[in-house]
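Peer 1: According to our numbering, the stretch in the sequence shown is residues 572 to 768, in order.
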Amino acid sequence: MEIKNAAFVISNTRVDNCPSDALPEFAFIGRSNVGKSSLINCLTRHDGLAKTSSKPGKTLLINHFLINKTWYLVDLPGYGYAKVSVGERQKLHRMITDYMLKRENLCNVFVLVDARIPAQPIDLDFMAFLGESGIPFSIVFTKSDGVSQTRLADHLKAYREKLLETWEALPPMFVTSAEKMRGREEILDYIDTILHS
Ligand code: GTP
Ligand code: MG
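1. Just how far apart, CA to CA, sit VAL580 and HIS635?
2. Return yes when at least one heavy atom of the ligand GTP lies under 7 Å from the C-beta of ASN604, else no.
3. What do you reckon, are the CB atoms on THR713 and ALA686 nearer than 8 Å?
4. For LEU631, which residues of its own chain have a beta-carbon under 6 Å away from its beta-carbon, when the five flanking residues on both sides are left out?
5. Once you ignore the five residues that flank GLY754 on each side, which residues in its own chain have a CB closer than 6 Å to its CB?
6. DSSP beta-bridge partners for TRP642?
7. Quick one: what's got a C-beta closer than 7 Å to HIS726's C-beta in the same chain, skipping five residues either side?
8. Under the three-state reduction of DSSP, which class applies to THR747: helix, strand or coil?
9. So VAL605 packs on LEU695, CB below 8 Å; how close in whole Å?
10. With hydrogens ignored, establish whether the beta-carbon of LYS714 is closer than 7 Å to any heavy atom of the ligand GTP.
11. On the criterion of 16 or more Cβ atoms from any shown chain inside 10 Å, does LYS598 qualify as buried, or is it exposed?
12. Output the boundary residues of the beta strand (DSSP E) element that contains SER582.
13. Rounded to a whole number of angstroms, what is the C-alpha to C-alpha distance between ARG674 and LYS629?
14. Quick check on DSSP: helix, strand or coil for GLU756?
15. DSSP on ALA740, reduced to helix/strand/coil?
16. Taking the DSSP output, what are the residues bridged to LEU683?
17. If I follow the unbroken alpha helix (DSSP H) through ILE706, where does it start and stop?
18. Looking at SER709 and the ligand MG, is the gap between the Cβ and the nearest heavy atom below 7 Å?
19. Just to confirm the assignment, what range does the alpha helix (DSSP H) spanning LYS654 have?
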């Protein structure tokens, strides 16, 4: 699929204020600093469309980007950022879970995990929440440029095994690098398939 048009629409703290046109949307979630905003810029080939930072806690709102004038990519705040107050962290957590549970036009959540490190409990817990809530998701391994092929293969294998302890089937998985534009076509094709299903 070609992205011909990508435009920022609106930022919100509350899901109730998000666009009401019911266009299909795809959201990006994961630990703070995992590379959500960078992946959106990679998919749209639009540097600076979503704001990125080397410091965690950059994205703090629900951000809608209209793609090809017909569907949305949604950049969300990261979870698990340690350096904000407990109150602030709870507020962000509520914003994210509210969005997931209430957004009826949400077609798929991409859960981003760092390809360079083994499975983290916070990511597995979030996937369990999505599964229990009946929200379709896939797993995106990010920053694959920073890990050897062997180590990456080990992490993928361990992830599959871990998930199969509690899941009957595995979600789709994508290996990406925003830096090297890796995995871009695969994710866009996957979105295209969902849009036309
Ligand atoms: P928050 O909004 O704070 O939750 O972070 P985020 O998940 O949106 O991460 P962001 O896209 O801002 O990227 C965080 C850092 O990771 C930045 O310094 C990026 O340059 C870096 N980064 C993102 N993607 C990649 C990648 O594919 N490879 C490498 N090496 N670095 C990356
Ligand atoms: Mg971000």
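All C-beta atoms, glycine included, are put in the ideal place defined by N, C-alpha and C.
Peer 2: Inspection of the coordinates gives the following:
1. On the sequence shown, residue 580 is found 9 positions in, with the first residue counted as 1. On the sequence shown, residue 635 is found 64 positions in, with the first residue counted as 1. Between VAL580 and HIS635, the C-alpha separation is close to 6 Å.
2. Locating residue 604 in the sequence shown gives position 33, where the first residue counts as 1. For the ligand GTP, at least one heavy atom lies less than 7 Å from the Cβ of ASN604.
3. Along the sequence shown, read from residue 1 onward, the residue named residue 713 stands at position 142. Along the sequence shown, read from residue 1 onward, the residue named residue 686 stands at position 115. Yes, the pair counts as a contact, with Cβ atoms nearer than the cut-off.
4. Mapped onto the sequence shown, residue 631 falls at position 60. Closer than 6 Å at the Cβ level, and outside the excluded window around LEU631, lie PRO648.
5. For this step, residue 754 is matched to residue 183 along the sequence shown. These residues qualify, in order along the chain: PHE745, VAL746 and THR747.
6. Here residue 642 refers to the residue found at position 71 of the sequence shown. Partner(s): ILE638.
7. Residue 726 sits at position 155 when you count from the first residue of the sequence shown. Excluding residues within five positions, the ones whose Cβ falls inside 7 Å are ALA686 and PRO689.
8. On the sequence shown, position 176 is the one that residue 747 refers to. Three-state DSSP puts THR747 in coil, outside helix and strand.
9. Stepping through the sequence shown from its first residue, residue 605 is reached at position 34. Stepping through the sequence shown from its first residue, residue 695 is reached at position 124. Contact flag wrong, Cβ pair sits at about 14 Å.
10. Counted from its first residue, the sequence shown places residue 714 at position 143. It does: the Cβ of LYS714 is within 7 Å (strictly closer) of some heavy atom of the ligand GTP.
11. Within the sequence shown, numbered from 1, the residue matching residue 598 stands at position 27. One detail in the question is off: residue 598 reads as Ala in this sequence, not Lys. With 16 or more other Cβ atoms within 10 Å, it is buried.
12. Within the sequence shown, numbered from 1, the residue matching residue 582 stands at position 11. Run containing SER582: 577-583, per the beta strand (DSSP E) assignment.
13. Here residue 674 refers to the residue found at position 103 when the sequence shown is read from its first residue. Here residue 629 refers to the residue found at position 58 when the sequence shown is read from its first residue. When rounded, the distance between both Cα atoms is 23 Å.
14. Taking the first residue of the sequence shown as position 1, residue 756 is located at position 185. Of the three classes helix, strand and coil, the one that applies to GLU756 here is helix, per DSSP.
15. What you label residue 740 is simply residue 169 of the sequence shown in a count that begins at 1. If DSSP states are grouped into helix, strand and coil, ALA740 belongs with coil.
16. Here residue 683 is taken as the residue at index 112 of the sequence shown, counted from 1. Paired residues: GLY601 and VAL711.
17. Your numbering for residue 706 matches position 135 in the sequence shown. Element bounds for ILE706: n/a, residue is neither H nor E.
18. Here residue 709 corresponds to residue number 138 of the sequence shown, with the count starting at 1. Incorrect: SER709 has no Cβ contact closer than 7 Å to the ligand MG.
19. Taking the sequence shown and counting its residues from 1, one reaches residue 654 at position 83. LYS654 -> no alpha helix (DSSP H), and no H or E assigned at all.
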